[in-house]
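*Asks:* Dropping a structure here in structure tokens format, bear with me for questions.
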Amino acid sequence: MSMENPAEPAVEAHEPQPLISSSSSSAAAAAAAQAPASTTTTATSPLPGPIISTPRLILRPLHPLSFPHPYTLAHAETWISMNLTEPYNAFAICEISDPSILIGGIGLRPGSDVSAHTAEVGYWLGEPFTGKGYVTEACQAMTDWTFTERGDTYRKLTARVFSRHKASMRVLEKCGYKEEGVLKEHVRKHVEIWDLHLFGLLKREVGGEQDK
Ligand SMILES: CC(C)(COP(=O)(O)OP(=O)(O)OC[C@H]1O[C@@H](n2cnc3c(N)ncnc32)[C@H](O)[C@@H]1OP(=O)(O)O)[C@@H](O)C(=O)NCCC(=O)NCCS
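Numbering (UniProt numbering), first residue to last: 1 to 212.
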């Protein structure tokens, strides 16, 4: 996720992020790892508790003290301040063994107007943690949770992926998302131009609902 937009959904926008260690976080934050989520999170707030749990991961609201280097506390607070009120749309990915260390991020960007029944999923994972199936686990859990807990609002989840990000496409496929189209040479980063792949998953495709 970009630091400019807390719910930055474009999967292609998620770049590797170096991580801070738990020693950068306060002992108080670590000790309070299971504290309830606060709607006024600051650097001195307890670490929010998990919203979603998987066998190996927890997904919890963001907190300034478990943020990737080289972003400063000011950056973190600005980013997080956009996500302090429920419903949370951006989550820290943490290993269940240490909820105080953020190893990645996953979030939703709600659609608007005629697409208000959709949300776009986006994610990133720190390089030391890739290749373990973590993002698939997180994305599957986030997808299931969204349709279960917010299914009255969201009937479709989408994702956009740069053509070079094959692993991200594979993650989405493993989570049941289907490619719906390709926007040719649609994105440019510096001098390189890529296609943009559009993925989607309907609630009725996973929830056993009848076609409408
Ligand atoms: C890309 C990223 C989201 C994947 O997260 P992850 O936890 O490593 O992914 P998973 O282990 O859950 O699954 C990755 C899948 O992609 C596959 N894969 C990895 N590299 C691939 C490639 N170059 N081409 C095709 N498939 C690839 C893996 O084999 C795996 O599929 P499998 O289980 O069928 O073998 C994560 O590595 C990331 O955020 N990296 C940051 C850098 C980056 O690549 N960003 C791109 C935009 S997200």
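No residue lacks a Cβ here, since even glycine has one placed at the ideal position from N, Cα and C. No experiment lies behind these values; they were computed from the predicted model shown.
For the stretch 191-202 and the stretch 160-177, state whether three or more C-beta atom pairs, one from each stretch, are separated by less than 8 Å.
*Replies:* By the Cβ criterion, the stretch 191-202 is in contact with the stretch 160-177, since at least three pairs of Cβ atoms, one from each stretch, lie closer than 8 Å.
*Asks:* Suppose the cutoff is 8 Å on Cβ atoms and the five residues either side in sequence are ignored; what does the same chain contact list for ARG155 look like?
*Replies:* HIS117, THR118, LEU202, LYS203, ARG204
*Asks:* LEU57 to LYS184, Cα distance in whole Å?
*Replies:* Approximately 36 Å, taken between the alpha carbons.
*Asks:* In angstroms with no decimal places, state the Cα-to-Cα distance between residue 214 and GLU95.
*Replies:* Absent from the model: residue 214. The displayed extent of the chain is 1 to 212, so no value can be given.
*Asks:* Of the residues THR136, GLU149, GLU173, which one's Cα is nearest the Cα of GLY207?
*Replies:* GLU149
*Asks:* Give the single residue among ILE101, ALA92, HIS165, ILE93 whose Cα lies nearest to the Cα of ILE193.
*Replies:* HIS165
*Asks:* For GLU120, count neighbouring Cβ atoms within 10 angstroms of its own Cβ and tell me buried if that reaches 16, exposed if not.
*Replies:* Buried is the call here.
*Asks:* Could you compute how far the alpha carbon of PHE147 sits from the alpha carbon of VAL187?
*Replies:* 29 Å
*Asks:* Locate the beta strand (DSSP E) running through THR158, then write down its first and last residues.
*Replies:* Element bounds for THR158: 156-162.
*Asks:* What separation, rounded to the nearest whole angstrom, lies between the Cα atoms of LEU125 and VAL114?
*Replies:* Each residue's Cα considered, the two are about 31 Å apart.
*Asks:* With a threshold of 7 Å, establish whether the CB of ARG109 neighbours any heavy atom of ligand 1.
*Replies:* No; taking the cut-off as 7 Å, the Cβ of ARG109 has no heavy atom of ligand 1 nearer than that.
*Asks:* Count the other CB atoms within 10 Å of the CB of GLY181; is the residue buried (16 or more) or exposed (fewer)?
*Replies:* exposed
*Asks:* Beta carbon of ALA167: closer than 7 Å to some heavy atom of ligand 1?
*Replies:* yes
*Asks:* Sorted by chain position, which residues of the same chain lie with C-beta nearer than 6 Å to ASP195's C-beta, five sequence neighbours on each side aside?
*Replies:* SER163, VAL182, LYS184
*Asks:* THR136 and LYS174: beta carbons closer than 8 Å?
*Replies:* yes
*Asks:* Can you look up CYS139 in the DSSP assignment and give me helix, strand or coil?
*Replies:* helix
*Asks:* When DSSP builds the beta bridges, which residues end up paired with residue 255?
*Replies:* The chain is shown only over 1 to 212; residue 255 falls outside these bounds and no answer can be derived.
*Asks:* Say the cut is 7 Å; is the CB of THR136 nearer than that to a heavy atom of ligand 1?
*Replies:* Relative to ligand 1, the nearest heavy atom lies less than 7 Å away from the CB of THR136.
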